[in-house]
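The structure under discussion appears below in the form of structure tokens.
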Amino acid sequence: PPQSKILREDQNHNMYVTGCTEVEVKSTEEAFEVFWRGQKKRRIANTQLNRESSRSHSVFIIKLAQAPLDADGDNVLQEKEQITLSQLSLVDLAGSERTNRTKAEGNRLREAGNINQSLMTLRTCIEVLRENQLYGTNKMVPYRDSKLTHLFKNYFDGEGKVRMIVCVNPKAEDYEESLQVMRFAEMTQEVEVARPVDRPLCGLTPGRRLRNQAFREELARKLELRGGPVGAGPEEPSAAELFFQSFPPLPPCELLDINDDQTLPKLIEALEQRHKMRQMLAEEFAKNVLAFKTMLQEFDSSVASKENYIQGKLAEKEKTITGQKTELERLEKKIKTLEYKIEILEKTATIYEEDKRNLQQELESKSQKLQRQASDKRRLEARLQGMVAETSLKWEKECERRVAAKQLEMQNKLWVKDEKLKQLKAIVTEPRAERPERPSRERDREKPVPRSVSPSPAPVAPAAPLRPRRSRSAGERWVDHRPPSHVPTETLLQPRVPRAITVDSPSERALARCDRYLLTHQELASDGEIQTKLIKGDVFKTRGGGQAVQFTDIETLKQESPTGRKRRSSPPQPDPAGDTADSEWTDVETRCSVAVEMRAGSALGPGLQHHAQPK
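With the UniProt record's numbering applied, the sequence shown corresponds to residues 1 to 615, in that order.
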């Protein structure tokens, strides 16, 4: 495997890779060729997720060196401190990997661990920068934990700009990973760092070379318009030389003879001509000066009028600008006022929306409470109606029972009195010598007499054929049907049903899941106590696909007072000694178990009493 490179820091606090070869290029084609050469050396491998998965990060750095020119913009300065170096880094980060999805082993697993560790360090650095920005802290950013962050620490310190492009997978299976990547990208957008002060390149004006070149080109063009460039032909005479050339030449002034009378007159004539020419030139010069002065005055007046016009226009423009500035300030103040009003209205709207939300929640809670109260009221009314109907039915049965008991008691009293009268009549009418015959009471006793008037209930055949009872070890389940009006009793024996589904109203779904049914029914007994009846039944499927219940057994739980139980239905008399015989005949069982035998010639009542043996 290739050896790991070491990072160093130069004198300008810039990071660089030790032992890395830098290639100098002069065109984009050469730069692209170097980039493609590096791409071919990049490590890739096949995984379970990607056919060509990057096994490392890829960094392509472009450095641009710039040296300033001299004051004329012609020569390059050779001073090293004046050289400026810029850098553009293109980084292709390898994607994070999950071992349980890529099924990486060996070197692939170690490479995935290094990739994930460097990406986690990058995330930690950005989070620390964001925390320092939000809370004003000065935490140390862990750049040195990874070579990736250590190499580009100057960018994060503000000496450069960072632009990040994230890649996400639109597949639904990668939703969680895509969500984490988008959250990381959103956090990086909010990171801002303080940019250091830029160092000036040099004290000279930039763009000097181009301006000097443009100046030389314009000077050559103007010289060509005036007659050619300098040095192309003979030099043009100056204005003084042309002025002296316009005068007539002087004649020779040398006197060779004392009697020479031609040289001086010629010289005087030439001088006079020159004087006249000079006067003419002076007059022409004065005229030209006057004309030029007049022209200058006119130009000055036109310039002054133009200046006045320009000043007037400038004053108008300044007034317009001043008015526009005033209007702009007024509009800015109005905008600030409107923004303040908008902010107040937004806050008010937020408060109103919150109040509305709270009121809606309170209204919903109140409505739910009212609905619960209404349902409770309806349930209570139904329960009260059921209790009233049940109580009225019980009291009707109790009244009927008491009336029947009272009627039976009165019939028994009348029968006892009739028997006594018959016995007295028989004693009076029977002769003493004869053997007493068996009274009708004794004869009637041999006849089978039913003990109760109420007929025995006839057996009723079941509505559906009985099913064979399942074994209790087969894991049977019960439906425990307890009405809402069920009152808990204090009996020691309490019904305990294992594996039961307790309901207040049986449903088809509950019956379909169970095979036994138990109905708890409460009613008032004859003594006023509450007795609980446990009505059991079997659940079976019908031919139509529904569920049916066949009742098979009834168990009764009842409380009785041991001192309150009476065998006789008649109330006790105040004189029990005098009415003992009458009270004994008030019970049907006692009356049917005792027989009376009369002795002939006895005036003291029955002589023998036969008692039946209790079963």
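For glycine and all other residues, C-beta sits at the position ideal for the given N, C-alpha and C.
Since we're looking at a predicted model, the values are computed, not measured.
Residue environment, residue i, which counts as buried when at least 16 other CB atoms sit within 10 Å
i: Ile321; result: exposed
i: Asp553; result: exposed
i: Asp418; result: exposed
i: Glu362; result: exposed
i: Lys147; result: buried
i: Thr149; result: buried
i: Phe551; result: exposed
i: His481; result: buried
i: Gln360; result: exposed
i: residue 617; result: Missing from the structure shown is residue 617; the chain here goes from 1 to 615 and no further.
i: Leu119; result: buried
i: Glu111; result: buried
i: Leu85; result: exposed
Residue i, DSSP secondary structure in three states
i: Arg55; result: coil
i: Leu511; result: helix
i: Leu93; result: coil
i: Glu353; result: helix
i: Glu127; result: helix
i: Met140; result: coil
i: Ile310; result: helix
i: Leu49; result: coil
i: Thr21; result: coil
i: Thr556; result: strand
i: Ala65; result: strand
i: Val503; result: strand
i: Ile44; result: strand
i: Leu85; result: strand
i: Gln411; result: helix
i: Val403; result: helix
i: Ala548; result: strand
i: Val497; result: coil
Length of the line joining the Cα atoms of residue i and residue j
i: Gly537; j: Leu511; result: 12 Å
i: Asp74; j: Pro68; result: 10 Å
i: Met387; j: Glu354; result: 48 Å
i: Lys420; j: Ala405; result: 23 Å
i: Arg42; j: His57; result: 9 Å
i: Leu518; j: Phe540; result: 14 Å
i: Tyr135; j: Leu93; result: 30 Å
i: Arg396; j: Leu408; result: The residue asked about is misnamed: residue 396 is Glu in this sequence, not Arg. Whole-angstrom Cα-Cα distance: 18 Å.
i: Lys306; j: Lys333; result: 39 Å
i: Thr491; j: Ser505; result: 25 Å
i: Glu508; j: Glu381; result: 26 Å
i: Asp10; j: Lys161; result: 20 Å
i: Asn154; j: Lys347; result: 43 Å
i: Arg130; j: Val166; result: 19 Å
i: Leu524; j: Thr391; result: 8 Å
i: Ala389; j: Gln423; result: 51 Å
i: Asp174; j: Val181; result: 11 Å
i: Thr337; j: Tyr352; result: 22 Å
i: Asp70; j: Arg209; result: 9 Å
i: Lys394; j: Thr429; result: 52 Å
i: Ser365; j: Pro483; result: 29 Å
i: Gln311; j: Ala194; result: 47 Å
i: Val497; j: Ser367; result: 39 Å
i: Arg378; j: Glu339; result: 56 Å
Cutoff 7 Å; reference residue i; Cβ partners in own chain excluding five residues on either side
i: Val103; result: With the sequence shown as reference, residue 103 is identified as Lys, and Val is not the correct amino acid for it. Only Gln48 meet the Cβ criterion.
i: Gly113; result: none
i: Cys125; result: Val141, Pro142, Tyr143, Thr149 and Phe156
i: Asp145; result: Thr121
i: Arg123; result: Phe184
Neighbourhood of residue i by C-beta, 8 Å cutoff - its chain only, sequence neighbours within 5 removed
i: Ala581; result: At Ala581, the pLDDT of 45 sits below 50, so the modelled position is not reliable and the matter cannot be decided from this model.
i: Asn169; result: Glu177 and Ser178
i: Met187; result: Ile126, Glu127 and Arg130
Where the beta strand (DSSP E) containing residue i begins and where it ends
i: His481; result: Trp478 to His481
i: Thr489; result: Looking at the DSSP string, Thr489 is not in any beta strand (DSSP E), and its letter there is neither H nor E.
i: Gly537; result: Ile530 to Lys541
i: Glu9; result: Leu7 to Glu9
i: Arg516; result: Arg516 to Leu524
Where the alpha helix (DSSP H) through residue i begins and ends
i: Arg37; result: Thr28 to Lys40
i: Glu186; result: Tyr175 to Gln189
i: Lys147; result: Lys147 to Leu151
i: Thr102; result: Thr99 to Thr102
Neighbourhood of residue i by C-beta, 6 Å cutoff - its chain only, sequence neighbours within 5 removed
i: Leu88; result: Ile62
i: Glu529; result: Gln559
i: Pro495; result: Leu534
i: Asp515; result: Glu476 and Val539
i: Ser561; result: none
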